[in-house]
Amino acid sequence: MTDVAGDDALGDRQGYELAAALRGGETSASEILEATLRRIEEVDGSVRAYLRVTADEGRAQAAAVDERLRAGGELPAVAGIPIAVKDVFCTKGIRTTAGSRILEPYVPPYDCTPWARLSAAGAVMTGKTNCDEFAMGSSNENSAFGPVHNPWCLDAVPGGSSGGSAAAVACGEAVWALGSDTGGSVRQPAALCGVVGLKPTYGRISRYGLIAFASSLDHVGTFARSVRDTATLLSAIAGHDPMDATSLPDPPRDYTEGLDAGVGGLRVGVVEDWLSMEGTEPGVRDAFQAGLDALERLGANVVPVKLPHADYALSAYYLIAPAEASSNLARYDGVRYGLRVEGDGVVEMNTRTRGAGFGDEVKRRIILGTYALSAGYYDAYYGQAQKVRTLVIRDFRQAFADADVIAAPTSPTTAFRIGERADDPLAMYLSDVFTIPADLAGIPAISIPCGVDGEGLPVGFQLMGKLLDEPTVLRSAHALEQELAFAQRPALVSSRG
Ligand code: GLN
Numbered sequence: 068m069t070d071v072a073g074d075d076a077l078g079d080r081q082g083y084e085l086a087a088a089l090r091g092g093e094t095s096a097s098e099i100l101e102a103t104l105r106r107i108e109e110v111d112g113s114v115r116a117y118l119r120v121t122a123d124e125g126r127a128q129a130a131a132v133d134e135r136l137r138a139g140g141e142l143p144a145v146a147g148i149p150i151a152v153k154d155v156f157c158t159k160g161i162r163t164t165a166g167s168r169i170l171e172p173y174v175p176p177y178d179c180t181p182w183a184r185l186s187a188a189g190a191v192m193t194g195k196t197n198c199d200e201f202a203m204g205s206s207n208e209n210s211a212f213g214p215v216h217n218p219w220c221l222d223a224v225p226g227g228s229s230g231g232s233a234a235a236v237a238c239g240e241a242v243w244a245l246g247s248d249t250g251g252s253v254r255q256p257a258a259l260c261g262v263v264g265l266k267p268t269y270g271r272i273s274r275y276g277l278i279a280f281a282s283s284l285d286h287v288g289t290f291a292r293s294v295r296d297t298a299t300l301l302s303a304i305a306g307h308d309p310m311d312a313t314s315l316p317d318p319p320r321d322y323t324e325g326l327d328a329g330v331g332g333l334r335v336g337v338v339e340d341w342l343s344m345e346g347t348e349p350g351v352r353d354a355f356q357a358g359l360d361a362l363e364r365l366g367a368n369v370v371p372v373k374l375p376h377a378d379y380a381l382s383a384y385y386l387i388a389p390a391e392a393s394s395n396l397a398r399y400d401g402v403r404y405g406l407r408v409e410g411d412g413v414v415e416m417n418t419r420t421r422g423a424g425f426g427d428e429v430k431r432r433i434i435l436g437t438y439a440l441s442a443g444y445y446d447a448y449y450g451q452a453q454k455v456r457t458l459v460i461r462d463f464r465q466a467f468a469d470a471d472v473i474a475a476p477t478s479p480t481t482a483f484r485i486g487e488r489a490d491d492p493l494a495m496y497l498s499d500v501f502t503i504p505a506d507l508a509g510i511p512a513i514s515i516p517c518g519v520d521g522e523g524l525p526v527g528f529q530l531m532g533k534l535l536d537e538p539t540v541l542r543s544a545h546a547l548e549q550e551l552a553f554a555q556r557p558a559l560v561s562s563r564g
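Going left to right, the sequence shown walks through residues 68 to 564 as this note's numbering numbers them.
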């Protein structure tokens with residue numbers, strides 16, 4: 068295998084290993100960052116994970132950590148670790164575009180809470196990553212700034228919408244990354260890029276400063292190359308924030324505690340209808356089955372569960388998310404943020420700005436959402452979709468009476484070719500059939516790599532947990548990860564098979 072690491076492998080190490088190396092004086096935050104920047108230099112011309120590399124800011128942050136180390140102070144777990152930030156998170160003084168022309172010139176005057184917490188703890192930002200425009204998409208092809216290429220197969224998509232973050236972590240252009248998950252945008256790209264992606268309980272991580280797509284569904288999530296790193300990153304950013312009205316009141320906690328407790332006796336629910344679902348690739352089914360077998364070897368019991376209304380989750384999502392988006396995106400009017408195209412009078416200025424600034428998929432959703440919310444159709448579409456959402460929530464509650472976690476493939480397919488689904492929105496929307504139910508219900512869910520398909524492309528194994536039960540999700544994912552010992556790395560080749 069062509070190892071992307073070359074002999075400059077610092078960026079390939081786990082965050083917890085780097086943290087130990089820093090404390091042991093084996094390396095410095097500046098050295099770790101320089102190795103990561105060299106990797107970016109080497110591979111990002113073909114992967115294109117980043118919209119902006121923040122080398123100067125990163126160097127200053129790394130130098131500050133090294134200063135703290137020299138002074139002999141206690142360091143937070145994330146200090147000195149290079150992290151990439153999806154370009155939907157506001158970062159003070161650093162351009163933030165949400166992958167959209169309409170925000171192309173936008174420089175936020177404040178930091179989002181997740182980055183504010185990381186930055187206070189000494190994390191080192193490598194840059195802002197590419198994503199689908201306003202996080203609407205499953206392939207990163209809806210970015211106004213061009214697609215990201217999957218490091219496992221450069222002709223393929225990395226998934227979306229957080230495709231840049233997933234690709235960056237997969238090939239060592241960052242040790243971990245922030246993403247957002249409204250319908251699957253952390254877990255699906257994590258699956259397609261062979262990394263770990265976590266979407267915690269709704270409200271667990273503050274959304275303050277996350278550019279809104281669909282507020283009742285938007286979750287902040289994480290990318291890393293291990294479950295232990297995932298738990299470390301979560302611990303650094305979770306916890307109550309008075310700036311987000313939906314933030315949970317819970318104080319911060321250490322999510323790495325109890326990771327090694329194993330899965331003996333754990334009840335793992337499986338929705339059998341999902342496995343026979345049309346469109347699920349045999350390679351995905353086989354790798355998923357191997358994951359279930361591994362859990363059973365570890366002493367877990369696989370039990371059948373039913374989520375009868377999950378069949379309608381995708382349809383409900385594609386009414387609720389556009390409805391909320393049509394309202395959230397009304398603020399881009401040429402007056403307050405970003406792009407402005409002058410016109411004769413304010414309405415013409417608004418119209419021209421929005422016409423030029425938004426891409427096709429965003430326009431499609433604004434139209435759909437406005438229609439679903441309009442008088443006369445509201446009850447038939449939006450109201451009905453909300454009822455379905457309630458039924459999905461009830462289904463999960465019932466299923467979790469018989470199971471401690473629910474397992475499913477993350478995505479029905481592995482990475483598909485760039486362009487393959489670009490003209491078929493319905494096929495694209497199907498990428499999220501297995502991830503959307505957990506967003507509608509607000510429950511925690513993780514994707515970890517569980518193998519590769521016949522083409523050598525990674526497959527994701529999803530574990531969903533009860534509301535607030537991140538510890539069980541992380542513990543079972545960690546146990547499975549150890550048992551599967553998935554160690555393949557992306558080869559940065561153009562085509563496979
Ligand atoms: N792919 C889904 C969509 O296009 C989910 C996106 C997301 O989670 N942000 O809406």
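Note that CB positions come from ideal geometry on N, CA and C, so glycine has one too.
Euclidean distance between Cα positions of residue i and residue j
i, j, result
"R364", "A475", "18 Å"
"A131", "L458", "50 Å"
"W182", "G443", "42 Å"
"I503", "G91", "43 Å"
"A266", "G194", "Looking at the sequence shown, residue 266 is not Ala but Lys. Computed Cα separation, rounded: 21 Å."
"V455", "A390", "15 Å"
"S282", "A116", "25 Å"
"A148", "T94", "Correcting the residue type first, residue 148 is Ile in the shown sequence and not Ala. Cα-Cα distance, rounded: 12 Å."
"A367", "A423", "54 Å"
"S232", "R488", "21 Å"
"Y496", "N209", "13 Å"
"P225", "P525", "11 Å"
"L342", "R352", "7 Å"
"D378", "D462", "11 Å"
"L89", "G140", "12 Å"
"A383", "V215", "29 Å"
"I473", "L530", "6 Å"
"D79", "R137", "25 Å"
"L85", "R431", "44 Å"
"A151", "L185", "11 Å"
"P557", "C238", "7 Å"
"A303", "A188", "8 Å"
"M361", "E550", "The sequence shown places Ala at residue 361, not Met. Those two C-alpha atoms are separated by around 7 Å."
"T164", "V370", "45 Å"
"A508", "E428", "25 Å"
"V242", "Q453", "38 Å"
"P479", "D133", "44 Å"
"F501", "P176", "37 Å"
"G112", "L440", "43 Å"
"L333", "R168", "48 Å"
Residue i versus the options, residue with shortest Cα-Cα distance
i, options, result
"A279", "R106, D311 and Q465", "D311"
"Q451", "R254, D321 and L386", "L386"
"A258", "C517, G532 and L535", "C517"
"N395", "F201, V262, S95 and A383", "F201"
"R484", "S206, V369 and M531", "S206"
"I513", "D491, S543, L507 and P492", "S543"
"L245", "D400, D378, F156 and I510", "F156"
"G160", "P172, A554, R398 and A234", "P172"
"S229", "D79, G250 and E345", "G250"
"I107", "G486, G166 and R119", "R119"
"G63", "R464, T477, L435 and E550", "One cannot answer for residue 63 here, as it falls past the ends of the chain, which runs 68 to 564."
"G213", "A151, N197 and N417", "N197"
"W219", "P256, G288, A546 and A305", "P256"
Coil, strand or helix - residue i by DSSP
i, result
"S394", "helix"
"H286", "strand"
"M203", "coil"
"C260", "helix"
"K533", "coil"
"N417", "helix"
"K266", "strand"
"M68", "In this predicted model, M68 has a pLDDT of only 27, less than 50, meaning its place in the structure is not dependable enough to derive any value."
"P176", "coil"
"D317", "coil"
"P525", "strand"
"P371", "strand"
"V120", "strand"
"W243", "strand"
"A190", "coil"
Check: residue i C-beta below 7 Å from any heavy atom of ligand 2
i, result
"F280", "Among the ligands present in this structure, namely ligand 1, ligand 2 is not found."
What are the uninterrupted segments assigned as beta strand (DSSP E) that are 3 or more residues long and contained completely in the region 334 to 360, given in chain order? 334 to 338
Sequence ranges, beta strand (DSSP E) only - wholly within the region 438 to 515, length at least 3: 472 to 476
Extract the residue ranges of the beta strand (DSSP E) inside the region 129 to 159, only unbroken runs of 3 or more that lie entirely within it. 149 to 153
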